[in-house]
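Colleague: Read in the working numbering, the sequence shown has 10 at position 2, and its numbers run on one by one without any break.
Beta carbons are placed, not taken as given, at the ideal position from N, Cα and C, and that holds for glycine.
So that we are looking at the same thing, I have put the structure below in structure tokens.
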Amino acid sequence: MEKNLSGGDLIPSNEKGHQSATSHTIKTENHKAARALYEAAQQRLLDVNSWKEISGNVSASFVLNDSRGTIVRRPAMEGDYIRIRIPGSTADETREFDWVRIEKIVEMRSPRGTAYTGMRVRPATPPEDVDREIEHFFRQDATSSFIVEKRGNLIRASVYGRNEMPNTVTGRAFRKLRNLLAGLGAMLGISRLQWKSLVKGLLRVRRNRELL
């Protein structure tokens with residue numbers, strides 16, 4: 009399988025800071041099974057509110073918000089925001105969530121049966137207060153690209169991080185320290201554990217109506 013069908017559309021070059029790539033691939037028994045798994049993975053990818061459920065208990069929580077900051081229960085769209093609560097944080101009490109904005113969603117299919125769905129997000133200000141500072145432990149230059157793709161009987165889910173640097177450009181001392189620790193932890197491998205759980209969850213096979 010090629011790296012992806014159209015990675016240049018969603019994955020920026022890494023100009024500074026850390027980069028990462030986390031993938032999981034499954035080979036199905038036939039084309040019908042591949043198509044069914046791809047469609048399920050595509051649906052799960054865009055169902056941001058289910059990411060914690062499919063990733064496991066140690067996962068961060070992800071809540072989809074529209075451009076006005078209202079929580080929504082639907083597939084993700086360009087211009088939406090994702091509110092993130094990392095494990096062990098006191099975000100529910102302090103309102104110190106991390107936010108990203110969905111800046112691009114791409115879906116492609118070819119007559120030869122290859123298919124590709126991807127979504128790129130970037131650290132953002134909270135949608136209800138765009139005059140605030142970037143609320144994320146990475147700087148605004150960072151991106152995360154989430155991709156599911158199908159080629160023949162192979163299905164792959166991937167997360168690509170680019171230009172990842174701790175967001176210490178903030179006037180709040182507590183937030184600066186928190187971002188430094190969270191950002192360094194993510195760069196040292198904590199985010200890889202999160203994304204590995206997610207990509208495996210995206211490709212989990214359904215049997216007897218249950219996720220295995």
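Please determine, among R81, S69, T125 and L210, the residue with the shortest C-alpha to C-alpha distance to L18.
Modeller: Answer by Cα proximity: T125.
Colleague: Please report the straight-line C-alpha distance between A165 and A44, rounded to a whole angstrom.
Modeller: Answer to the nearest angstrom: the Cα atoms are 14 Å apart.
Colleague: Once DSSP output is grouped into helix, strand and coil, what is the label at A84?
Modeller: Note: A84 maps to coil in three-state DSSP.
Colleague: Cα-Cα, which of V66, R81 and R117 is closest to D55?
Modeller: Per the Cα distances, R81.
Colleague: Once DSSP output is grouped into helix, strand and coil, what is the label at S21?
Modeller: In this structure, S21 counts as coil in the three-state DSSP scheme.
Colleague: Note the first and the last residue of the continuous alpha helix (DSSP H) segment covering Q51.
Modeller: From DSSP, the alpha helix (DSSP H) with Q51 extends over H39 to L54.
Colleague: If you compare alpha carbons, which of S63, E115 and E136 is closest to D88?
Modeller: Looking at the Cα atoms, E136 is the closest of the given residues.
Colleague: In its own chain, which residues sit with a C-beta less than 8 Å from the C-beta of L95, not counting the 5 before and 5 after it?
Modeller: Checking the sequence, you will find Pro at residue 95 rather than Leu. Hits under 8 Å: V66, S67 and A68.
Colleague: Compare the Cα-Cα distances from W107 to each of E141, A123, E115 and Y46 and report the closest residue.
Modeller: The shortest Cα separation from W107 among E141, A123, E115 and Y46 belongs to E141.
Colleague: Going by C-alpha to C-alpha distance, which of S75, V156, V207 and G160 sits closest to A132?
Modeller: When each option's Cα is compared against that of A132, the closest is S75.
Colleague: Tell me the rounded alpha-carbon separation between M116 and L210.
Modeller: Cα to Cα, M116 sits roughly 18 Å from L210.
Colleague: Do you know offhand how far N161's Cα is from F146's?
Modeller: Roughly 36 Å between the two C-alpha positions.
Colleague: Under a Cβ-count criterion, where at least 16 other Cβ atoms within 10 Å of its own Cβ denotes burial, should N12 be classed as buried or exposed?
Modeller: Residue placement at N12 is flagged as unreliable, the pLDDT there being 45, under the threshold of 50; the coordinate-derived value follows with that caveat. With 16 or more Cβ atoms within 10 Å of its Cβ, N12 is classed as buried.
Colleague: Taking all protein chains shown into account, decide if R120 is buried (16 or more other Cβ within 10 angstroms of its Cβ) or exposed.
Modeller: So R120 counts as exposed.
Colleague: What span of residues does the alpha helix (DSSP H) with R200 cover, start to end?
Modeller: R200 -> alpha helix (DSSP H) spans S199 to L210.
Colleague: Which word fits E23, buried or exposed, when buried means at least 16 other C-beta atoms lie within 10 angstroms of its C-beta?
Modeller: Burial call: exposed.
Colleague: Expressed to the nearest angstrom, what Euclidean distance is found between the alpha-carbon atoms of Y46 and L189?
Modeller: If you take the alpha carbons of Y46 and L189, they lie about 36 Å apart.
Colleague: With H, G and I counted as helix, E and B as strand and the rest as coil, what does DSSP make of N57?
Modeller: N57 falls in the helix class under three-state DSSP.
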